[in-house]
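Engineer: My questions all concern the structure below.
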Amino acid sequence: MKRWILSGAALAIVPGLAFGQAIYPLDRATIMSGSKFDFKVEFPTIVAQDSVEVLINGEPYDKILGATAEYIEDEEGSGGSTLLLRDVAIATPGTYTVEAKAGDVSKSVGWEVFGTAAEPKAKNVIFFLGDGMTVAHRTAARILSKGNTEGKADGRLALDDLQYMAFIGTSSQDSIHNDSANTMAAYMTGHKSVVNALGVYGSRAESNFDHPKVETMGEAIRRHSDKALGIVTNTEVQDATPAALVSHTVSRNDKAEITEMHLAVEPDLLFGGGSAYFLPQATPGSKRKDDKDMVAAFKDKGYAFATSATELQQAVADHEAGGKILGLFNTGNLDPTLDIRVTKAGTVPDFPDQPLVADMTRAALEVLSKDPDGFFLMVEDGWTDKATHALDWERAIYDMIALDQAIGVAREFQEANPDTLIVFVGDHTHGLSITGTVDDDKPGDVMREKVGTYQHAGFTNYTDEDGDGFPDSMDVSKRLMMYLGNFPDHYETFRPKLDGIFVPAVQDADGKYVANEAYKDVPGAMLRTGNIPTDINAGTHSIDDEVLQSSGPGAENFRGYMENSDVYRVLVDAMALAPAAN
Amino acid sequence: MTEPTTFDFDEIFASVGVLGHTFSDRIATLDGRTVRMRGYLAPAAHGHDHHDHGHDHGGSGVLLLTRSPVAPCPDCGGGHDYPDDAVFVFPAGAERPRFAAGRETEVEGVLEHGSLVIPGVGTSFVRLREARWNHT
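Going down the list, the protein sequences come from chains A and B. Residue numbers for the first sequence, in this note's numbering: 1 to 582. Residue numbers for the second sequence, in this note's numbering: 1001 to 1136.
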């Protein structure tokens, strides 16, 4: 069978899937007309080729899909036969019923193939992804950045004036739960998938790269428009969120291959961390398992290259229309904004000139706005999630403010360019919530007794004397008190960790995570026994709906409850990537 | 018998950068010799496979020694779980190694440097072979 094999391909078994008869795309899939996808039918047993009948809207499938599928008698030793047809598309919008039969077994699924508006509503789309975003991240950022007096906010975040909202469902093909890969992939393909997957459905294929693919936003922009494409993150550029714009693998861990998938799509700009996966394996610092020099490969495609905020500014100043920029500012993730700006902890001593998300957004808009056909820009802040996992809400909220400042940059651009759609959404939530305040000046040594709720919470005493939007100090005497709803064993210290990101739990010799004793002797520290399995070292995502906020042409289509996979349709409709044939 | 040389995390790299790191002269000099390092031990493995269906991270017996306690980032995907100056520790003896989680430990072992992919675990830049420590 035709395979797409990349070096180091790991094999994946996708749990949670019942491998009965399956048809991909799945039942209730929504597919943009003209977009490419792989069609796959899996039978639970070995069936004779001549017993197989597959109809689409009552006609032989090959008449609708334009090609004949490969018949695989026993797919990779699964004991089941498969029909597989790669890279098909359906041009005509409508409802499609797919029936697959062989002997006694049969299955039927329905697809909706949709066209978009004939004319674009928005020339530009800026898609902000706050990883792990909850309502509490927004509220806490507003309190810390703007303050609150007598119950009214003393100022508004940039995101507070986004006009339209929707609740977003984040569940998966294989689970009511989710991760940052398949949730962002849903936004960026219009299809649900399994946890960890990017740009594929989870099937019974063995190789990570053989699962049935669906078109990504990056590919759609390239195939169906002349728009520029920008990808910006403060994580590794191979991390799940940025990867979702270009990648096809059932495992987000295939970072070396994801680097190559970025190159295949050739975004006009790619800013973030993760240079370790660009370096040939012999270079100390490389995380590749081959000798490819991906920085050289990008340069060969004409990319300018920047390794610091200063170099990025220069690359933008030197940029000419049509030029491309690769900005890699760390071997791994960029550091949390609190560490870059204040503590200098983490890898900041080694990478002292890392750009903030707002800096990268400003640079991206300056470059992309030169394209007369407009652009699609994705901007992620990943530390809103990674720090929340670490139960380090101070770093998460500080990055929430950093992300809001990037949204502010985009809102200024939108004011001057009203044909711009801005979307701001998280990929999944966390069980993060604001309880009240904690006041060091309350009597006694027991920190728990210093937590204020109801009228006893009062107000915090963060200040912003320099007016930069960030609190002057996170370690004030009357702080916000936030808790996570699920957590490993850890010591609650009731105060920010200014020496470096919180490591709540460490692994013992039996592989179980136990509370990190480094925090045991912090005055007032309290042991909290975890409420999730002991093989998990951090807070986990929650399944609560996301809240999406949006302004600009097309934003009115975000409303009520939507699946994350429905967001794609609003985006491509705004850009008219598949104008219906008249 | 001479005491093993003390070696510190700060002495691993002469420079660290986006385009790669440079090992120090000192680590090149000490390579193959027994050194003593202080840090925190942890299994060089993911604790939970919810993000990692495709990789076997368990049971390798390899440990990590880090300058401060670390835990894999749970939503980063595999491959970038540990700092680049994490030292991969190969215990002497076949016994499943015991150690005190989250407590600073002095480890002795034969120093080895250079990129090495350890299947199912990740890429290591520095290692201690035949490693021993007191477990109390």
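Backbone N, C-alpha and C fix where the C-beta goes; we use that ideal spot for every residue, glycine too. From a predicted model like this one, the values you see are computed outputs, not experimental measurements.
Mapping DSSP to helix, strand and coil, what is B:R1038?
Structural biologist: strand
Engineer: In the DSSP assignment, what residue or residues form a beta bridge with A:M481?
Structural biologist: A:G436
Engineer: Anything in chain A within Cβ reach of B:S1068, meaning under 8 Å, just list it in chain order.
Structural biologist: G500, V503, A518
Engineer: When you compare the CB positions of A:T235 and A:N333, do they come within less than 7 Å of one another, or not?
Structural biologist: yes
Engineer: In the DSSP output, which residue or residues are listed as bridge partners for A:V451?
Structural biologist: A:V438
Engineer: Report the rounded CA-to-CA distance for A:N253 versus A:I176, giving the unit in angstroms.
Structural biologist: 21 Å
Engineer: Please compile the residues from chain B whose C-beta is within a distance smaller than 7 Å of the C-beta of A:G110.
Structural biologist: Within 7 Å Cβ-Cβ: nothing; A:G110 doesn't reach chain B, min ~29 Å.
Engineer: Is the beta carbon of A:L328 sitting closer than 7 Å to the one on A:G230?
Structural biologist: Taking 7 Å as the Cβ cut-off, A:L328 and A:G230 do not qualify as a contacting pair.
Engineer: Compare the C-alpha of A:V379 against each of A:L403, A:G103, A:D385 and name the closest.
Structural biologist: A:L403
Engineer: Can you tell me where the beta strand (DSSP E) holding A:Q549 begins and where it ends?
Structural biologist: 546 to 551
Engineer: Note down the Cα distance separating B:V1121 from A:S106, rounded to an integer number of angstroms.
Structural biologist: 43 Å
Engineer: Leaving out five residues before and five after A:V438 in sequence, what residues of the same chain have Cβ atoms less than 6 Å from its Cβ?
Structural biologist: K450, V451, R479, M481, F494
Engineer: Using the beta-carbon of each residue, which ones in chain B are nearer than 8 Å to A:A509?
Structural biologist: P1043, R1096, P1097, R1098, F1099, A1101
Engineer: Per DSSP, what are the beta-bridge partners of A:I231 in this structure?
Structural biologist: A:L270, A:M378
Engineer: Hey, out of A:K121, A:V98, A:L270, whose CA is closest to A:N57's CA?
Structural biologist: The residue with the shortest Cα to Cα distance from A:N57 is A:V98.
Engineer: Grouping DSSP H, G and I as helix and E and B as strand, with all else coil, what is B:H1057?
Structural biologist: The predicted model places B:H1057 with a pLDDT of 38, which falls under 50 and marks its position as unreliable, so this point remains unresolved.
Engineer: Which stretch, first to last residue, makes up the alpha helix (DSSP H) that contains A:N124?
Structural biologist: Element bounds for A:N124: not the alpha helix (DSSP H) but the beta strand (DSSP E), 124 to 130.
Engineer: Indicate whether at least one CB of chain B lies closer than 7 Å to the CB of A:T307.
Structural biologist: yes
Engineer: Name, going along the chain, the residues of the region 320 to 335 of chain A whose beta-carbon falls closer than 9 Å to a beta-carbon of chain B.
Structural biologist: Cβ contacts with chain B: L328, F329, N330, T331, G332, N333.
Engineer: In three-state terms, what does DSSP make of A:A576?
Structural biologist: coil
Engineer: Using a Cβ-Cβ distance under 7 Å, would B:F1125 count as near chain A?
Structural biologist: yes
Engineer: Who are the Cβ neighbours of A:V348 in its own chain at under 8 Å, not counting the five residues just before and after it?
Structural biologist: D335, D339, I340, Q354
Engineer: Which same chain residues, not among the five before or five after A:Y96, have their C-beta less than 8 Å away from its C-beta?
Structural biologist: I56, N57, I64, I90, G110, W111, E112, V113
Engineer: When you compare only the Cα positions, how much space is there between B:P1072 and A:A276?
Structural biologist: 17 Å
Engineer: Any C-beta of chain A within less than 8 Å: which residues of the region 1016 to 1029 of chain B qualify?
Structural biologist: Within the region 1016 to 1029 of chain B, the residues whose Cβ lies closer than 8 Å to some Cβ of chain A are V1016, G1017, V1018, L1019, G1020, H1021, T1022, F1023, listed in chain order.
Engineer: In chain order, what residues of the same chain lie with their CB nearer than 7 Å to the CB of A:R569, ignoring the 5 residues before and after it?
Structural biologist: T30, F114, G190
Engineer: How far does the beta strand (DSSP E) with B:T1105 in it reach, from first residue to last?
Structural biologist: 1104 to 1118
Engineer: Using DSSP with H/G/I as helix, E/B as strand and the rest coil, what is A:A363?
Structural biologist: It is helical.
Engineer: Ends of the beta strand (DSSP E) at A:G20?
Structural biologist: Element bounds for A:G20: n/a, residue is neither H nor E.
Engineer: Compare the C-alpha of A:F459 against each of A:F298, A:Y71, A:L129, A:L144 and name the closest.
Structural biologist: A:L144
Engineer: What's the call for A:Y187, buried or exposed, on a 16-neighbour Cβ count within 10 Å?
Structural biologist: buried
Engineer: So, are the CB atoms of A:A505 and A:P533 less than 7 Å apart?
Structural biologist: no
Engineer: Using only the alpha-carbon positions, how far apart do B:D1125 and B:M1037 sit?
Structural biologist: The sequence shown places Phe at residue 1125 of chain B, not Asp. About 15 Å.
Engineer: Which same chain residues end up closer than 6 Å to A:L365 when comparing Cβ atoms and leaving out the 5 residues on each side of it in sequence?
Structural biologist: F413
Engineer: Given that A:P355 touches chain B, what residues does it touch there, using C-beta distances under 9 Å?
Structural biologist: Residues of chain B passing the Cβ test: none, with the nearest at roughly 12 Å.
Engineer: Among A:G169, A:L159, A:S172, A:T453, which residue has its Cα nearest to the Cα of A:Q549?
Structural biologist: A:L159
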